[in-house]
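A.B. asks: Starting off with a structure, shown below.
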Amino acid sequence: MSKITVLTGLQWGDEGKGKMIDLLSPKYDIVVRYQGGANAGHTIVFNNKKYILHLIPSGIFTKNIKCVIGNGTVVDLEALIDEIEILKHEGINLNNRVFLSKDAHIILSYHKIIDSINESKEDKLGTTKRGIGPCYIDKYARTGIKVQDLSHPEKVSKIIEKNLEVLKNSFRNSEEIHSLKIEVILDKLFTNYELIKHLVIDTQDYLYKSYKKGKRILMEGAQGTLLDIDFGTYPFVTSSHPISGGACIGSGLPPTFVDDVVGIFKAYTTRVGEGPFVTELIDETGQYILKKGNEYGATTGRPRRCGWLDLVALKYSCSINGVTSMIMTKTDVLNDFDKINVCIKYDINGKKTDRFITDSELLKITKPVYKQLNGWKYDISKCSKKKDLPKNLIKYISFIENYTGVKIKFISSGPSREQFIKM
Ligand code: GDP
Ligand code: IMO
Ligand code: MG
Numbered sequence: 220m221s222k223i224t225v226l227t228g229l230q231w232g233d234e235g236k237g238k239m240i241d242l243l244s245p246k247y248d249i250v251v252r253y254q255g256g257a258n259a260g261h262t263i264v265f266n267n268k269k270y271i272l273h274l275i276p277s278g279i280f281t282k283n284i285k286c287v288i289g290n291g292t293v294v295d296l297e298a299l300i301d302e303i304e305i306l307k308h309e310g311i312n313l314n315n316r317v318f319l320s321k322d323a324h325i326i327l328s329y330h331k332i333i334d335s336i337n338e339s340k341e342d343k344l345g346t347t348k349r350g351i352g353p354c355y356i357d358k359y360a361r362t363g364i365k366v367q368d369l370s371h372p373e374k375v376s377k378i379i380e381k382n383l384e385v386l387k388n389s390f391r392n393s394e395e396i397h398s399l400k401i402e403v404i405l406d407k408l409f410t411n412y413e414l415i416k417h418l419v420i421d422t423q424d425y426l427y428k429s430y431k432k433g434k435r436i437l438m439e440g441a442q443g444t445l446l447d448i449d450f451g452t453y454p455f456v457t458s459s460h461p462i463s464g465g466a467c468i469g470s471g472l473p474p475t476f477v478d479d480v481v482g483i484f485k486a487y488t489t490r491v492g493e494g495p496f497v498t499e500l501i502d503e504t505g506q507y508i509l510k511k512g513n514e515y516g517a518t519t520g521r522p523r524r525c526g527w528l529d530l531v532a533l534k535y536s537c538s539i540n541g542v543t544s545m546i547m548t549k550t551d552v553l554n555d556f557d558k559i560n561v562c563i564k565y566d567i568n569g570k571k572t573d574r575f576i577t578d579s580e581l582l583k584i585t586k587p588v589y590k591q592l593n594g595w596k597y598d599i600s601k602c603s604k605k606k607d608l609p610k611n612l613i614k615y616i617s618f619i620e621n622y623t624g625v626k627i628k629f630i631s632s633g634p635s636r637e638q639f640i641k642m
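Put into structure tokens, the structure is as follows:
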């Protein structure tokens, strides 16, 4: 039986997608990244070694599995080449295993410069400065460069020339923009292209035919639902669709092929970058979670903001993604708490609701209404079976399942591959 599973983050990213994709990969033949770019940082830990992937799907450590970078992504060729080199150096065989969509868009040096200039302003978003937003702007303004365009150097040269002219007019005071030279950009671009050309294929055709042959496909979301350009906390979002619907657009696989959608979330909440965060803990508890959870961005190293689990947001994310089952990660981080809060309602100017809102202005003044649950006060990092789990953790899980109406099928109890419990 063919099978397509989408795994998507239900919070503001960093839910542990990398770890779980790696863990689930042996059941699949192909893993596909469908949106975003090197803003993602997906961590995988095994044999006491930590790997952080930004563009290559997290199935790469599973022997023989194919990894596809889909049309919905924006690709920094330099970052891709670096990642390939690191993996090769680690002895990972990449031959005939990594494919890049001819329809993905290319991140150029000026996209990263624009991102950095915007981030130097007071009203910054707290982006990863990887050029993601500016590249998607070019995509939708139809002034971008697709991978397949690189086989037409003259066309590419004309587009970049035009773009540079517009940029130099828009950023009159930026020395960095004004020192950009088309020859340098083109030279770098085509030198890099030569190095990855052999990876480029028609991934829609490849995925469609693979599905028809009975291959099993795992779709790897980057970022998370609350960072979705439409359904997240706009403008404090990324510029793509991390939600399950984005998996179809970003790969060309039709919605009728998708069998299940696995939603992944942390037992608490984190956010990196600016934007509203209703359950944020700006106190010692927040600091404690930061330290215990080692909550530092895998891409930028920034400390992540930490807070309690927001069930209002989680239920909303389940509905948008059509989540059929969930995975709860970083459960071990809460091992030592006497009491644990979960947010069950929002209080907006005295009005209570259990419906998530995306209005950033209102979210800023929203107060969480908490239900306090008892902690389990037990080190679960060595537990491997459901029967070994403490009663209060089972109650925590049931509370979340009842609130969202979705079953949790795995919990993760540490960063390593073997630290998980099937529920
Ligand atoms: P992703 O972007 O969703 O792949 O997540 P990141 O890799 O950015 O962040 C998750 C972090 O938590 C990484 O450092 C993981 O190694 C780590 N991690 C994943 N699952 C667990 C877990 O269950 N417990 C603990 N303590 N760490 C975990
Ligand atoms: P993974 O896949 C967490 C955040 C940035 C910023 C906003 C916009 O590892 O979960 P961007 O560079 O995309 O324009 O930044 O989105 N962000 C992430 N936060 N995890 C990520 O990816 C993220 N990718 C982007 O911090 O707030
Ligand atoms: Mg991450």
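The sequence shown begins at 220 in the working numbering and counts up by one.
Note that beta-carbon positions come from the ideal geometry of N, C-alpha and C, so glycine has one too.
Computed from a predicted structure; not experimentally measured.
With a floor of 4 residues, list each alpha helix (DSSP H) that falls wholly inside the stretch 316 to 379, ordered by position along the chain.
C.D. replies: 328 to 338, 351 to 360
A.B. asks: In the structure shown, what three-state DSSP assignment does residue 411 receive?
C.D. replies: Locating residue 411 in the sequence shown gives position 192, counting from the first residue. Helix at residue 411.
A.B. asks: For a test of your reading of the model: does the CB of residue 517 fall under 6 angstroms from any non-hydrogen atom of the ligand MG? Yes or no.
C.D. replies: Counting from 1 along the sequence shown, the entry for residue 517 is found at position 298. Yes, the ligand MG has a heavy atom inside 6 angstroms of this Cβ.
A.B. asks: Buried or exposed for residue 603, please, with buried defined as at least 16 other CB atoms from any protein chain shown within 10 angstroms of its CB.
C.D. replies: Taking the first residue of the sequence shown as position 1, residue 603 is located at position 384. It is exposed - the Cβ of residue 603 has fewer than 16 other Cβ atoms within 10 Å.
A.B. asks: Can you say whether residue 341 is buried or exposed, counting buried as having 16 or more other CB atoms within 10 angstroms of its CB?
C.D. replies: Against the sequence shown, residue 341 aligns to sequence position 122. Exposed is the call here.
A.B. asks: Confirm the yes/no value for this check: CB of residue 566, any heavy atom of the ligand MG, distance under 6 angstroms.
C.D. replies: For this step, residue 566 is matched to residue 347 along the sequence shown. For the ligand MG, not one heavy atom lies less than 6 angstroms from the Cβ of residue 566.
A.B. asks: Does the stretch 249 to 256 come within contact of the stretch 283 to 294, defined as at least 3 CB pairs closer than 8 angstroms?
C.D. replies: Touching, yes.
A.B. asks: May I ask whether a heavy atom of the ligand GDP can be found less than 6 angstroms away from the beta carbon of residue 549?
C.D. replies: Numbered from its first residue, the sequence shown carries residue 549 at position 330. At least one heavy atom of the ligand GDP is nearer than 6 angstroms to the Cβ of residue 549, so yes.
A.B. asks: By Cβ distance, which residues of its chain are closer than 7 angstroms to residue 313, with the 5 residues on each side in sequence left out?
C.D. replies: Looking up residue 313 in the sequence shown gives position 94. Cβ neighbours of residue 313 beyond the five flanking positions: 303, 306, 307.
A.B. asks: Nearest to residue 361 by alpha carbon, out of 348, 378, 349, 372?
C.D. replies: Here residue 361 corresponds to residue number 142 of the sequence shown, with the count starting at 1. Considering only alpha carbons, the answer is 378.
A.B. asks: Should residue 255 be counted as a contact of the ligand MG given a C-beta to heavy atom distance under 6 angstroms?
C.D. replies: Translated into the one-based positions of the sequence shown, residue 255 becomes position 36. Answer for residue 255: no, Cβ out of range of the ligand MG.
A.B. asks: Examine the ligand GDP and report whether any of its heavy atoms sits within less than 6 angstroms of the Cβ of residue 262.
C.D. replies: Taking the first residue of the sequence shown as position 1, residue 262 is located at position 43. Yes, the ligand GDP has a heavy atom inside 6 angstroms of this Cβ.
A.B. asks: Here's the rule I'm using: 16 or more other beta-carbon atoms within 10 Å means buried, otherwise exposed. How should residue 233 be labelled?
C.D. replies: As a working mapping, residue 233 is identified with position 14 in the sequence shown. So residue 233 ends up on the buried side.
A.B. asks: Mapping DSSP to helix, strand and coil, what is residue 643?
C.D. replies: Residue 643 is absent from the structure shown; the chain starts at 220 and stops at 642.
A.B. asks: Secondary structure at residue 444, three-state DSSP: helix, strand or coil?
C.D. replies: In the sequence shown, residue 444 corresponds to position 225, counting from 1. If DSSP states are grouped into helix, strand and coil, residue 444 belongs with the helices.
A.B. asks: Whose C-beta lies closer than 6 angstroms to the C-beta of residue 540 among residues of the same chain, with five residues either side of it excluded?
C.D. replies: Along the sequence shown, read from residue 1 onward, the residue named residue 540 stands at position 321. Cβ within range, chain order: 227, 462, 463, 480, 482.
A.B. asks: Which whole runs of the beta strand (DSSP E) in the stretch 587 to 638 are 3 residues long or more, in chain order?
C.D. replies: 627 to 631
A.B. asks: Helix, strand or coil: which one does DSSP assign to residue 211?
C.D. replies: Here the chain has residues from 220 to 642 only, and residue 211 is not among them.
A.B. asks: Using only the alpha-carbon positions, how far apart do residue 414 and residue 353 sit?
C.D. replies: Residue mapping note: residue 414 aligns to position 195 of the sequence shown, counting from 1. Residue mapping note: residue 353 aligns to position 134 of the sequence shown, counting from 1. Whole-angstrom Cα-Cα distance: 24 angstroms.
A.B. asks: Could you give the DSSP three-state label for residue 189: helix, strand or coil?
C.D. replies: Given that the chain is displayed from residue 220 to residue 642, the structure contains no residue 189 and the question cannot be resolved.
A.B. asks: Flag residue 227 as yes when its Cβ comes closer than 6 angstroms to any non-hydrogen atom of the ligand IMO, and as no otherwise.
C.D. replies: Position 8 of the sequence shown, counted from the first residue, corresponds to residue 227. No - the ligand IMO has no heavy atom lying nearer than 6 angstroms to the Cβ of residue 227.
A.B. asks: List the whole-angstrom C-beta distance separating residue 240 from residue 437, where the pair is believed to meet the contact cut-off of C-beta under 8 angstroms.
C.D. replies: Residue numbering aside, residue 240 sits at position 21 when the sequence shown is read from its first letter. Residue numbering aside, residue 437 sits at position 218 when the sequence shown is read from its first letter. Correct: roughly 7 angstroms between the Cβ atoms.
A.B. asks: Do you know whose CA, among 494, 385, 527, 493, lies nearest residue 508's CA?
C.D. replies: In the sequence shown, residue 508 corresponds to position 289, counting from 1. It is 527.
A.B. asks: Can you name, in chain order, every residue of its own chain whose Cβ lies under 7 angstroms from the Cβ of residue 335, other than the five neighbours on each side?
C.D. replies: Along the sequence shown, read from residue 1 onward, the residue named residue 335 stands at position 116. Excluding residues within five positions, the ones whose Cβ falls inside 7 angstroms are 348.
A.B. asks: So, does the stretch 489 to 499 touch the stretch 465 to 477, judging by three or more C-beta pairs under 8 angstroms?
C.D. replies: no
A.B. asks: Is the beta carbon of residue 613 closer than 7 angstroms to that of residue 545?
C.D. replies: As a first step, residue 545 must be located in the sequence shown, where it is residue number 326. As a first step, residue 613 must be located in the sequence shown, where it is residue number 394. No.
A.B. asks: Out of curiosity, what's the CA-to-CA distance linking residue 637 and residue 270?
C.D. replies: Taking the first residue of the sequence shown as 1, we reach residue 637 at position 418. Taking the first residue of the sequence shown as 1, we reach residue 270 at position 51. Residue 637 and residue 270: Cα-Cα distance of roughly 15 angstroms.
A.B. asks: Does the ligand GDP have a heavy atom nearer than 6 angstroms to the CB of residue 238?
C.D. replies: One-based indexing of the sequence shown puts residue 238 at position 19. Checking every heavy atom of the ligand GDP against the Cβ of residue 238, one is found closer than 6 angstroms.
A.B. asks: Indicate, with yes or no, if the ligand SAH has a heavy atom lying under 6 angstroms from the CB of residue 233.
C.D. replies: Ligands present in the displayed structure are limited to the ligand GDP, the ligand IMO and the ligand MG, and the ligand SAH is not among them.
A.B. asks: Taking DSSP's pairing of strands, which residues face residue 557 in a bridge?
C.D. replies: As a first step, residue 557 is located in the sequence shown; it is residue number 338 there, counting from the start. Beta-bridge pairing links residue 557 to no other residue.
A.B. asks: Under the rule that 16 or more other beta-carbon atoms within 10 Å means buried, what is residue 465, buried or exposed?
C.D. replies: To locate residue 465, count along the sequence shown from 1; it is residue 246. Answer is buried; the Cβ neighbour count reaches 16.
A.B. asks: Would the beta-carbon of residue 448 be found less than 6 angstroms away from any heavy atom of the ligand IMO?
C.D. replies: Along the sequence shown, one-based indexing puts residue 448 at 229. False, no ligand heavy atom lies under 6 angstroms from that Cβ.
A.B. asks: Rounded to a whole number of angstroms, what is the C-alpha to C-alpha distance between residue 242 and residue 606?
C.D. replies: The sequence position of residue 242 within the sequence shown is 23, counting from 1. The sequence position of residue 606 within the sequence shown is 387, counting from 1. CA-to-CA, the gap between residue 242 and residue 606 works out to about 21 angstroms.
A.B. asks: Between which two residues does the alpha helix (DSSP H) holding residue 261 run?
C.D. replies: Start at 1 with the first residue of the sequence shown, and residue 261 comes out as number 42. Residue 261 -> not in any alpha helix (DSSP H); beta strand (DSSP E) instead, spanning 261 to 265.
A.B. asks: Could you say which of 331, 529, 351 lies nearest to residue 404 if we only look at CA atoms?
C.D. replies: Start at 1 with the first residue of the sequence shown, and residue 404 comes out as number 185. Closest by alpha carbon: 331.
A.B. asks: Relative to the C-alpha of residue 364, which candidate in 328, 457, 266, 608 has its C-alpha closest?
C.D. replies: By one-based count along the sequence shown, residue 364 stands at place 145. Ranking 328, 457, 266, 608 by Cα distance to residue 364 puts 328 first.
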